[in-house]
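Numbering (this note's numbering), first residue to last: 3 to 122.
What follows is a set of notes on a single structure, which appears directly below.
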Amino acid sequence: MAEVVSIEEYRPARGLAGTRVGRHKVTVFNRNELDLILQVYGRNVVAGRWRDYALDFAPSYASFAVVRGGAQEGPTYQILKWSGKGSAPYAVLGGDGQVLRRGADLRAVLKVFDGAPRVL
């Protein structure tokens, strides 16, 4: 007869911020940061300006990319959080990669979307 085992015995332990111990650490948005970003995203979806988003996490950055049309168009905006950037870990980039705003306070950086942002 088969032996019953606990999955927890075989699952690697979790480290900080949900990353697996032993794997590469990645930069992530915390709950408060995601809440601020999703508030802005929701307002722009309701207004018909944005349609989809994509998340990307890497050792040196976390990215929330906004897509205006289909995913094949590429990101209209990227909200970035860099690890180890010291005084200005947050930035908003336009579709062409131009930095639209950068700073230490995510709420202030996201003010670039107040009003009606235009596609660059």
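Virtual Cβ for every residue (Gly too), placed ideally from N, Cα, C.
| Query | Result |
| --- | --- |
| Inter-residue Cα distance where the pair is ASP116 and VAL28 | 30 angstroms |
| Reduced DSSP secondary structure (H/G/I, E/B, other) of GLY86 | coil |
| When LEU108, LEU82, ALA49 and ARG70 are compared against SER62, the one with the closest alpha-carbon | LEU82 |
| Where ASP54 falls: helix, strand or coil (DSSP) | strand |
| Where ARG45 falls: helix, strand or coil (DSSP) | helix |
| Inter-residue Cα distance where the pair is LEU102 and VAL94 | 6 angstroms |
| Member of SER85, ASN46 and ASP54 whose CA lies at the smallest distance from the CA of LEU112 | ASN46 |
| ARG104 versus ALA64: straight-line alpha-carbon distance, rounded | 14 angstroms |
| Minimum C-alpha distance to ALA56 - residue among LEU108, ALA106 and GLU75 | GLU75 |
| GLY24 (DSSP reduced to helix, strand or coil) | Because GLY24 carries a pLDDT of 49, less than 50, the predicted location of this residue cannot be relied on, and no value is offered for it. |
| Beta-carbon proximity list for PHE59, same chain, < 6 angstroms, skipping 5 on both sides | VAL28 and VAL30 |
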